[in-house]
Amino acid sequence: MRYPEVWDLDSIFKGGSKSEEFIQFVRETDHLLADLAESIGDEVTLDQLENAIHNIQLQMQRTRQASAFVSCLTAQDVKDKEATLWLGKMTEQATKLQNIWGMIEDFLGGLSVEQWSDFISRPSLSGVTFNLEERRMQVKEKLLPNEEKLAAQLAMDGYHAWGNVYNAAVGRMQIPFEEDGKEKLLSAGQLQNRLNSSDRLVRECAAEASEKAWQKEADLFASTLNHLAGFRLNLYGARGWDNVLKEPLAINRMKEETLDAMWSTITENKPKFYRFIERKAQLLGVNKLALHDVHAPLSVEGDTTISYEEACDLIIRHFKPFSPKLASFTEGALRDGWIEAEDRAGKRPGGFCTSFPLSKQSRIFMTYDGTMANVATLAHELGHAYHSHCLKDMDPLAQRYAMNVAETASTFAETIIADALVKEAQTEDVKLSLLENKISRSLAFFMNIHARFLFETRFYEARKEKLLSVEELNSLMEEAQKEAYGNQLATYSPTFWASKLHFHITGVPFYNFPYTFGFLFSLGIYKKALEAERSFEDDYIALLKDTASMTVEDLAKKHLGVDLTSAEFWQEAIDLILVDVDEFMELTKDK
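Numbering (full-length UniProt numbering), first residue to last: 1 to 591.
Encoded structure:
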C-alpha cells in the first residue's frame, strides 16, 4: 500500500512499550529535570532566570515527546500493560515540570516593573514574551509556590489517578453485540462505529447495547467523575476561584463575553435547524429522530464504502487547490506512516493527533471503516498535524496553542473536504447525502457539544454541594440533551456522561466548548479565504503561527478584522451552514 494503515512508532522509539531506547530517554529526562530544579535556588539573577526558561523549554519538549509515545502505545493496544504502567511515570515527570514552572513563575511574579521591562526585552525571549507575560499574570492568582507544588504532587495519586482508572476500565470493556447472526465482543470504539451505521436497525441495536454497557459500569464511572471533579473544585476553592469556567477560559485565552456571544448566537439560530431535523426524520421514515439518528448517513442508492487509499487520495486532491503546502504535507504524512487507521479489536475508541516536538512529526490515531464520517475524521486530524507542522520551528512555548484554536485548523481542513465533495457530486442523491453530512456535523457542534457544556457546568455547580448519584447524573445529562436539541428528538442517551471520555480528562477542563469555537472560527476563516482576491495560503499560515502567542480576540482582530465578543462574526459563520440547510430543503421537498 502507498499509504500504510498502521503507524510507524519505531522511528520515534524502537521497541514499543519495552523499548530500551525509550527507557534510557525517560531516565535522562529524570536527571535533566532534577538538575534543572536544583539549579533554581532561593534567589536567582536575571541571567540565571533567562537560562532556566531556556532549559525548561527543552524539558517541555522531552516530556511531550515521551508522553505522546505512551499515548500512542496505550491507544493502539488497550491491553498493553507495560504501556499503561508508563502513564504513571509520564504524570510524575509532568508534575516535576509543573513544579519547576512554579518556581520560575514565582520569580517572574516577584520582579519589579523595572526588572520585568529589562528582562522581557532580552533578545532570546523575543519569541515568548506573550507567554511569559501570561504566566506572570496567572501566578498572582494561584496559591503560594509550595502549596501549588503540594497540590500537583497530591494530584498524581488523586486527580489524575481517577482519570487513569476511567481509561483502564473503558479499555477492558467488551460489549456483547449480535452481528451476522453471531454474538461478538466489541470494544467501545468498535461499538461507536456501529452507532454511525447507515442501517437504522444496526444503530438501534448499538444504542441499546451501548446504554446497557455504560449503565452496567455507571457506579464506577460516577465515582471517577465525582472524585476528579471534587479535586478540581477543592483546588479552585483554595485559590479563591468561584467560577468553574475561569481555568478553561484562561487556558483557551478567551473572554467569557466571547463564549457567551457564541452560545447565545447559536441558541437564537437553533429553530432554523429544526426544519432539517424534521425533514431528515421524514426521509428516514420515522416520526422523530432518535439521538443515534442525528448523525446517521442518509442511504443513497449505489452507496459503497471508501477504501483507505481512496480516502487518502481524495483528501490530498482537494487540499491542493486551496493550499499546495498543505497537500504536500498531507501526502508525506500519509505515505510515511503517521496514521494508525486499521480497524481491529483492542484499540481505544475515538481519534486524536499528537505531536512529537523533538522529531518534528505527528501521529494520528483513528479506526477507519470506510464511511464518509471516517474520511472527515481523517481530514480533521490531518489539520491538527499541519498546525503543529507550521509551528515546529518556533520556540517551544510559542508552539503551545490552546484547544479552541487547535480545533480551528482541524475543522478548517474538514470543511475544505466537505465543500469540495458537495461541489463535485455526480448525482443529486450523492449531493444530498454529502449536504446532510455537512449539516449533521454542524449539529454536533451546535447541539451535541452544547449539551456537554450545559451538563458539565450544571454538574460542577451541583458537585460543589455533594456527590451525585448515577441517577442524578443520568437526569442531568438527559435534561441537557433535551435543552440543547430543543426537545426535537424521540430518544436521548442518559449515560452519555459515562461514555464520553472528555468528561473524564484531567489534562484540560471543560473539553467541550473549544470544539464549537474552532468550528465556527474555522468557518469565519474559510469565508475570508473564499472572498480573498489572491491566494490565502500564506495568510492562513501566518494566522496559525500566531495561535499560541495572543488571545483569540486579538488573533481574530489582527488576521480577520473581526470582534469575537459581538454576535456579527458568529452569525456570518452560522449563515454559511444555513445556506446548506436551504439547499437541502429544496432538494428534498418532493422526496
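C-beta atoms are modelled at their ideal positions from N, C-alpha and C, and glycine is treated no differently.
Q: Quick one: using the 10 Å Cβ neighbour count with 16 as the cut-off for buried, is Tyr511 buried or exposed?
A: Buried, since its Cβ has 16 or more Cβ neighbours within 10 Å.
Q.
Let me check understanding here. Comparing Cα to Cα, which of Thr265, Leu73, Gly230 and Ser493 lies closest to Ala480?
A. Ser493
Q. Roughly how far, in whole angstroms, is the beta-carbon of Pro297 from the beta-carbon of Gln65, given that I think they are within contact range, below 8 Å?
A. Actually they are not in contact, since the Cβ atoms of Pro297 and Gln65 sit about 38 Å apart, beyond 8 Å.
Q: Identify which residue in Thr506, Lys325, Ile251 and Lys255 has its Cα closest to the Cα of Ser535.
A: Lys325
Q) How would you label Leu391, buried or exposed, when you count the other beta carbons within 10 angstroms and need 16 or more for buried? A) Buried is the call here.
**Q.** Enclosing beta strand (DSSP E) for Gln399 [first to last residue]
**A.** First-last for Gln399: undefined, no H or E at that position.
Q) Is Ile306 helix, strand or coil by DSSP? A) coil
Q) Going by DSSP, what residues sit across from Lys182 in a beta bridge? A) Glu179
Q. CA-CA distance, Val294 and Ala567?
A. 27 Å
Q: Just tell me which of Arg344, His292, Gly370 and Ala379 has its CA closest to the CA of Lys320.
A: Ala379
Q: Pull up the DSSP beta-bridge partners for Ile339, would you.
A: Ile364
**Q.** Exposure of Asp10, with buried meaning 16 or more beta-carbon neighbours within 10 Å
**A.** exposed
Q. Which partner residues does Thr354 have in the DSSP bridge list?
A. According to DSSP, Thr354 bridges with Arg363.
Q. Are the beta-carbon atoms of Ala385 and Ala548 separated by less than 7 Å?
A. no
Q: State the DSSP-derived secondary structure class of Glu586, mapped to helix, strand or coil.
A: Three-state DSSP puts Glu586 in a helix.
Q) Where in the region 133-215 do unbroken runs of the beta strand (DSSP E), each at least 3 residues long, occur, reported from the N-terminal end onward? A) 175-179 and 182-186
Q) Straight-line CA distance for Gly518 to Leu46? A) 38 Å
Q | Backbone secondary structure at Gly507 - three-state DSSP | A | coil
Q. Among the residues of its own chain, which have a CB less than 6 Å from the CB of Leu565, if the five just before and after it don't count?
A. According to the sequence displayed, residue 565 carries Thr and not Leu. Cβ neighbours of Thr565 beyond the five flanking positions: Glu257, Thr258 and Ala261.
Q | Identity of the residue in Leu523, Arg317, Gln192 and Leu576 nearest Phe177 by Cα | A | Gln192
Q | Pairwise C-alpha distance: Trp214 and Phe503 | A | 14 Å
Q. Relative to the C-alpha of Val579, which residue among Glu50, Val422, Met90 and Ser475 is closest?
A. Val422
Q.
Considering only their Cβ atoms, is the gap separating Gly346 from Lys18 smaller than 7 Å?
A. No. Outside cutoff.
(Q) Please state the DSSP three-state secondary structure of Tyr485. (A) coil
Q: Please state if the CB of Thr74 and the CB of Ala68 are separated by a distance shorter than 7 Å.
A: Going by C-beta atoms, Ala68 is not nearer than 7 Å to Thr74.
Q) In the structure shown, what three-state DSSP assignment does Val562 receive? A) coil
Q: Kindly indicate which three-state DSSP category Leu111 falls into: helix, strand or coil?
A: coil
Q.
To the nearest angstrom, how far is the alpha carbon of Ser475 from that of Ala451?
A. 13 Å
Q: Take every Cβ of the region 458-472, pair it with every Cβ of the region 432-448, and state whether three or more of those distances are shorter than 8 Å.
A: The region 458-472 vs the region 432-448: no contact.
Q. What is the DSSP secondary structure of residue 600, counted as helix, strand or coil?
A. The requested residue 600 is not part of the displayed model; the chain covers only 1 to 591.
Q: For Asn146, count neighbouring Cβ atoms within 10 angstroms of its own Cβ and tell me buried if that reaches 16, exposed if not.
A: exposed
(Q) I'd like to check one pair, Gly102 with Lys140: are the Cβ atoms closer than 7 Å? (A) no
Q.
Gly383 and Ala406 - do their beta-carbons sit closer together than 7 Å?
A. Going by beta carbons, Ala406 and Gly383 fall outside the 7 Å limit.
Q. Are the region 109-126 and the region 166-180 touching, with three or more C-beta to C-beta distances below 8 Å?
A. no
Q) Taking three-plus beta-carbon pairs below 8 Å as touching, is the region 331-340 in contact with the region 360-377? A) yes
Q | Nearest candidate by alpha-carbon position, reference Tyr274, set Arg122, Gln488, Asp157 and Val128 | A | Gln488
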